[in-house]
Amino acid sequence: MADHTGKIKSRPDQGGVDTNSIKMTTLISFVVFALFLVAVLWGLSNFFMNSYYERVRSQDVIRTADALETQFRQDLNSFDTFAVQAAGSNGIYIRMDTAEGSLIYDGTRTVKDTGDFEADISDAVTDLIVSGQNSITRTKRDPSGALSRLVYAANINAYGHNNVLSIVAPLYPDEATVRILRKMLIYISFIVLVVSFLLAFALSVRLSSPIENLTRSAKELSKGNYDVKFNGAGFTETKELAKALNMASYEMEKTDFYQREIIANVSHDLKTPLTMIRSYAEKIIDISGDNPEKRNADLNIIISETERLNTLVTDMLSVSNLQSNNVEMHMETFDLVEAAESVYESFRVLAESEGFDMHFHPCRPSYVVGDRTRLMQVMTNFVSNAVKYAGDSKYVDIKLTKGSKKVAFHCIDHGVGIPSDEIGHVWDKYYRTSANHERGIEGTGLGLAIAKGLLNLHNAKYGVDSEEGKGSDFWFEIETVKKPPVKKSGGEDKKA
Ligand code: ADP
8 MADHTGKIKS RPDQGGVDTN SIKMTTLISF VVFALFLVAV LWGLSNFFMN SYYERVRSQD
68 VIRTADALET QFRQDLNSFD TFAVQAAGSN GIYIRMDTAE GSLIYDGTRT VKDTGDFEAD
128 ISDAVTDLIV SGQNSITRTK RDPSGALSRL VYAANINAYG HNNVLSIVAP LYPDEATVRI
188 LRKMLIYISF IVLVVSFLLA FALSVRLSSP IENLTRSAKE LSKGNYDVKF NGAGFTETKE
248 LAKALNMASY EMEKTDFYQR EIIANVSHDL KTPLTMIRSY AEKIIDISGD NPEKRNADLN
308 IIISETERLN TLVTDMLSVS NLQSNNVEMH METFDLVEAA ESVYESFRVL AESEGFDMHF
368 HPCRPSYVVG DRTRLMQVMT NFVSNAVKYA GDSKYVDIKL TKGSKKVAFH CIDHGVGIPS
428 DEIGHVWDKY YRTSANHERG IEGTGLGLAI AKGLLNLHNA KYGVDSEEGK GSDFWFEIET
488 VKKPPVKKSG GEDKKA
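Below you can see the structure in the form of structure tokens.
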């Protein structure tokens with residue numbers, strides 16, 4: 008932890024702008040997007056507006072020509088009014104050649120160079136005659152492209168004559184329109200840039216602030232301040248992260264607390280046998296060395312204390328190995344009921360000598376795939392705890408129940424039980440219920456943590472049902488498999 012804190016502290020503060028930060032990345036992305044948008048707008052207006060305008064204009068011209076023709080055929084008297092309005096509203100130049108002469112309507116007031124229109128029309132009329140079609144549309148482009156025109160010519164057979172309707176539509180938007188459009192584009196570009204910059208700024212602040220909050224709290228936590236609360240308000244994801252970090256902080260605090268506890272407990276647990284070993288060794292040298300009977304009794308105490316030490320150290324190693332996933336499993340198919348029975352047998356003699364009433368309730372053989380030794384270690388732990396915490400009621404039941412696909416092992420005692428607020432912690436490493444400390448029952452708080460690790464490796468379900476003062480039922484449940492075929496001595500498999 009100190010090391011960790013040191014590392015964070017010694018990290019150099021990076022000066023200047025961090026382009027990898029959420030703030031800068033959002034800001035840059037938005038601004039780049041806005042610039043792209045503006046570029047597209049300008050590109051569209053410059054490169055595509057003309058062709059788009061040309062297409063729309065030619066559709067307009069054809070529609071107007073159709074309307075003019077209909078008007079001409081249906082009501083010659085009001086044709087004049089209609090044509091004046093059509094020319095004016097569409098900004099086009101209309102000429103109708105009839106037997107009586109030519110009617111001209113000029114709606115292209117703002118266009119200066121109308122001089123060429125007559126030439127355009129006579130070219131188009133020639134084209135119309137040569138093509139033999141009813142109508143033609145031509146685009147006249149001048150080299151600069153600034154004064155292009157759309158020229159339309161059509162035959163209208165009416166009133167016993169062949170009349171010709173010609174329309175010239177200037178294709179260039181007039182200067183005022185272009186100027187307004189450009190101005191508008193400049194305003195739009197400016198607004199897009201400013202709005203996107205403000206939006207990016209607001210968003211980046213909103214995005215980064217919960218993360219900055221979390222980072223601040225994490226730094227506090229790394230200094231060992233477990234009171235710190237992670238707050239990820241703002242987004243669902245940061246809220247989830249804050250929740251996970253609060254859980255992690257709670258777990259760290261708990262582990263830290265238990266570790267401190269265990270250092271106290273373990274040093275006590277280590278010190279007691281060591282002191283005993285030392286004093287009995289001294290006793291042998293000083294007093295009982297010459298008396299074989301007394302010496303052997305003292306030596307036996309030394310041996311049993313050494314065993315206690317050995318168990319403690321082995322448990323610590325097992326937890327550490329389970330934590331680092333460094334456990335070698337020897338999987339085999341075996342009968343859990345038979346394994347449970349041998350655990351029961353190993354306790355029976357001891358239990359009887361200490362006045363325990365221990366009962367074994369087997370179910371029919373139930374085969375499981377697992378590490379037999381390790382599952383026996385789990386069962387042994389449950390049973391030895393039942394004996395240890397049985398209190399005055401020296402009555403322990405070992406029960407196996409078989410379901411359709413599972414078999415469950417139960418170790419039931421009628422002893423001290425576990426307070427409901429502590430029941431969730433008994434599987435935590437180094438945890439010992441408060442009552443133990445009062446009663447002075449020896450233990451490391453590692454047995455159930457090891458059992459939990461081993462049961463997890465077997466994908467087994469496990470748990471404890473307990474009531475304070477009434478007793479506990481520690482159980483696990485594991486999937487069953489078919490009974491394996493028994494190998495004949497000749498090497499041939501046979502179903503047993
Ligand atoms: P240890 O027994 O060495 O303290 P364990 O990990 O086996 O460690 O058990 C953790 C704690 O759970 C025990 O200290 C005890 O408080 C509680 N516990 C375990 N088994 C029982 C039981 N059968 N009855 C009551 N409390 C139990």
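For the sequence shown, the residue numbers in our numbering are 8 to 503.
Heads up, the beta-carbon is just placed ideally off N, CA and C, and yes, glycines get one too.
Distance cut-off 6 Å: residue 358 Cβ against heavy atoms of the ligand ADP: Residue 358: no, Cβ never under 6 Å from the ligand ADP.
Beta-carbon gap between residue 398 and residue 433 smaller than 7 Å: Cβ atoms of residue 398 and residue 433: not closer than 7 Å.
Residue 285 classed as buried or exposed, judged by whether at least 16 other C-beta atoms fall within 10 angstroms: With fewer than 16 Cβ atoms within 10 Å of its Cβ, residue 285 is classed as exposed.
Supposed contact pair residue 351 and residue 513 - C-beta distance, whole angstroms, cut 8 Å: Nothing in the structure corresponds to residue 513, since the chain is present only between 8 and 503.
heavy atom of the ligand ADP below 6 Å from residue 455 C-beta: It does: the Cβ of residue 455 is within 6 Å (strictly closer) of some heavy atom of the ligand ADP.
Distance CB(residue 482)-CB(residue 415) smaller than 7 Å: Contact: yes.
Member of 270, 355, 90, 358 whose CA lies at the smallest distance from the CA of residue 319: For the residues 270, 355, 90, 358, the minimum Cα distance to residue 319 belongs to 270.
Distance between beta carbons of residue 439 and residue 450, contact taken as under 8 Å: The pair is a contact, with the Cβ atoms about 6 Å apart (cut-off 8 Å).
Residue environment, residue 287, which counts as buried when at least 16 other CB atoms sit within 10 Å: Using a 10 angstroms sphere on the CB of residue 287, the tally of other CB atoms reaches 16 or more, which defines it as buried.
When 390, 106, 110 are compared against residue 90, the one with the closest alpha-carbon: Nearest of 390, 106, 110 to residue 90, Cα basis: 110.
As assigned by DSSP and simplified to three states, the class of residue 32: Helix.
Candidates 408, 480, 324: closest to residue 460 by CA position: Residue 324 is the option with its Cα nearest to residue 460.
Cβ pair count under 8 Å reaching 3, the segment 37-44 against the segment 128-143: No, they do not touch.
Three or more C-beta pairs below 8 Å linking the segment 220-231 and the segment 248-256: The way I'd put it, the segment 220-231 does touch the segment 248-256; three or more beta-carbon pairs between them come closer than 8 Å.
Residue 317 Cβ short of 6 Å to the ligand ADP heavy atom set: For the ligand ADP, not one heavy atom lies less than 6 Å from the Cβ of residue 317.
Residue 71 beta carbon less than 7 Å from that of residue 93: The Cβ atoms of residue 93 and residue 71 sit closer than 7 Å to each other.
heavy atom of the ligand ADP below 6 Å from residue 392 C-beta: For the ligand ADP, a non-hydrogen atom lies closer than 6 Å to the CB of residue 392.
Element boundaries [alpha helix (DSSP H), containing residue 308]: DSSP places residue 308 inside the alpha helix (DSSP H), whose first and last residues are 299-330.
Collapsed DSSP secondary structure at residue 423 in the structure displayed: Note: residue 423 maps to coil in three-state DSSP.
Residue environment, residue 381, which counts as buried when at least 16 other CB atoms sit within 10 Å: Under this definition residue 381 is a buried residue.
Classification of residue 331 by the beta-carbon crowding that lies within 10 angstroms, buried from 16 upward: The residue in question, residue 331, is exposed, as its Cβ has fewer than 16 Cβ neighbours within 10 Å.
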